[in-house]
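Numbering (my numbering), first residue to last: 609 to 794.
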């Protein structure tokens, strides 16, 4: 009986210590409610075909390939899952991205994984209002050097059915374009 009383007292204490004020509840509600940024992400839902250009050496012509992408909003419209399949550098390629707008940080956030490496890339950034350009920055592991490198991604909306994705590697003050994908809605 004593153990039951102590357990119940502990349970009540835990519940009471996590009780939230109306202001705290409002903040949670705002955090979990999709807004205009999520609506913008949803405009990319659907199937896309991309022409991929990759530069391993900026002084040489890029390798060119095709990729198929499917975007869909998930989890009450808070996140967009992107699945990608194609060929890169002569090998089968599969990748998956997750992007959302963090209502608390007031930033776009994304993760990326693919079968060309074992790391997870995390990015944060913002959109230039009125210009339909989203720029994110993050870090990734460079398998060639073993170092962590800074990367930049730029998404430029051309129209409802066309956008360009660019990726840059940043080392010191030097920014080198490593990839460009021209997406057309399928």
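All C-beta atoms, glycine included, are put in the ideal place defined by N, C-alpha and C. Keep in mind the model is a prediction, meaning the values are calculated, not measured.
Cβ of residue i within 8 angstroms of any chain D Cβ
i           : result
residue 614 : Reference to chain D is not applicable here, since this structure consists of a single protein chain.
With 16 other Cβ atoms within 10 Å as the buried cut-off, status of residue i
i           : result
residue 708 : buried
residue 736 : exposed
residue 667 : exposed
residue 738 : exposed
residue 656 : buried
residue 623 : Any answer about residue 623 is weak, because its pLDDT of 49 lies below 50 and its placement is not dependable; what the coordinates show is given next. It is exposed - the Cβ of residue 623 has fewer than 16 other Cβ atoms within 10 Å.
Segment limits, beta strand (DSSP E) that includes residue i
i           : result
residue 720 : 715 to 722
residue 740 : No beta strand (DSSP E) contains residue 740, which DSSP labels as neither H nor E.
residue 649 : Taken as a continuous stretch (DSSP letters only), residue 649 belongs to no beta strand (DSSP E), being part of the alpha helix (DSSP H) at 644 to 650.
residue 673 : 671 to 682
Helix, strand or coil at residue i [DSSP, three-state]
i           : result
residue 778 : strand
residue 639 : helix
residue 666 : coil
residue 633 : helix
residue 624 : With a pLDDT of only 49 at residue 624, under the threshold of 50, the placement of this residue in the model should not be trusted, and no figure is reported.
residue 615 : helix
Cα-Cα separation, residue i to residue j
i           : j           : result
residue 678 : residue 690 : 6 angstroms
residue 695 : residue 673 : 6 angstroms
residue 645 : residue 771 : 17 angstroms
residue 683 : residue 665 : 40 angstroms
residue 686 : residue 647 : 9 angstroms
residue 781 : residue 734 : 21 angstroms
residue 755 : residue 716 : 25 angstroms
Short Cβ contact (8 angstroms threshold) for residue i with residue j
i           : j           : result
residue 731 : residue 761 : yes
residue 601 : residue 773 : For the chain, the structure presents residues 609 to 794; residue 601 sits outside this window and is missing.
residue 705 : residue 793 : no
residue 699 : residue 787 : no
residue 764 : residue 776 : no
residue 759 : residue 752 : no
residue 866 : residue 719 : Because the chain spans 609 through 794 in this model, residue 866 falls outside it and cannot be assessed.
residue 688 : residue 652 : yes
residue 650 : residue 675 : no
residue 549 : residue 643 : Residue 549 lies beyond the residue range present for the chain, which begins at 609 and ends at 794; the question has no answer from this structure.
residue 640 : residue 671 : no
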